[in-house]
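Structure record follows, encoded as structure tokens.
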Amino acid sequence: MSSKPDIYTTKRRGRITNMLFTSACFLATMTCIFLLVLLIWNIIIQGKGWLSWEFIERLPSRFPDKAGIKTALWGSIWLISLTAMFSVPLGVGAALYLEEYAPRSRWRKLIQLNIANLAGVPSIVYGILGLGLLLRALQLERSVLSGALTLTLVVLPIIILASQEALRAVPDSIRRSAYALGATRWQT
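Heads up: take any position in the sequence shown, counting from 1, add 1, and you land on the working numbering.
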């Protein structure tokens, strides 16, 4: 008798282990999804009496019966709009420059490293920076503009990195094909 395990026994054991692990992961995922749906359903059932069009249109109030979310909703819309207006063109433009036009140098590598590091900074640090720099040093008021500029600082490194990855994903053959068809570098 040989002391080595049979190859078929090893494969069978591996398949059984794989099936058990897959089943356990599926069961855990379904349990979490069920609990999440149950939680959302409970929130909807309990809040059904309070959610109405008047709740959206009313201004905040000390009285719960007359309170609404109109100013918070419009503030969020303005904040998101201004942040996108500032950060998307700037982030995509910076990524385009760094990928297509910036010379491959140590300076570019240093900038890339700093952008990657800034993407990992916690948002509370950006909030403190916005408070100290925008509100105190630049004397901006507490406004939607200062909030949008602070959020722009938060999302700008992420937009730059995502845009760079999207530009790197375009195969060089497609670029050359576009040049062959007469497209300029800006059009490509």
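Think of the CB as a built atom: it goes at the ideal place given N, C-alpha and C, for glycine as much as any other residue.
- Ranking V155, T32, S62 by CA distance to the CA of V126 puts V155 first.
- Excluding residues up to 5 positions away in sequence, E55, F56, I57, E58, R59, L60, P61, S62 lie with their Cβ nearer than 8 Å to the Cβ of G69 in the same chain.
- For A120, same chain residues with a beta-carbon under 7 Å away, outside a window of 5 residues either side, are P158, I159, L162 in chain order.
- If you check the CB distance, L168 and A85 do not come in under 8 Å.
- Listed in chain order, the non-local C-beta contacts of K71 below 7 Å within the same chain comprise I57, E58, R59, L60, local neighbours out to five positions each way being set aside.
- Cβ-Cβ separation between S144 and G131: approximately 12 Å, too far for a contact (criterion under 8 Å).
- Rounded to whole angstroms, the separation of the alpha carbons of T189 and L182 is 10 Å.
- In terms of Cβ geometry, G92 and S24 do not form a close pair [threshold 8 Å].
- DSSP places A117 inside the alpha helix (DSSP H), whose first and last residues are 107-120.
- Shown here, R16 sits in a helix according to DSSP, grouped into three states.
- In the three-state reduction of the DSSP assignment, R63 falls in the coil class, being assigned neither a helical nor a strand state.
- Here the alpha carbon of T153 sits roughly 53 Å from the alpha carbon of K12.
- If you check the CB distance, F87 and A29 do not come in under 8 Å.
- For K71, the uninterrupted alpha helix (DSSP H) run begins and ends at 71-97, by DSSP.
- The DSSP assignment places 54-58 as complete runs of the alpha helix (DSSP H) inside the region 29-58, in order along the chain (cut-off: 4 residues).
- The C-beta distance from R109 to L99 rounds to 7 Å, short enough to meet the 8 Å contact threshold.
- Non-local C-beta neighbours of L74 in its own chain, meaning closer than 7 Å and more than five positions away in sequence, comprise I57, ordered along the chain.
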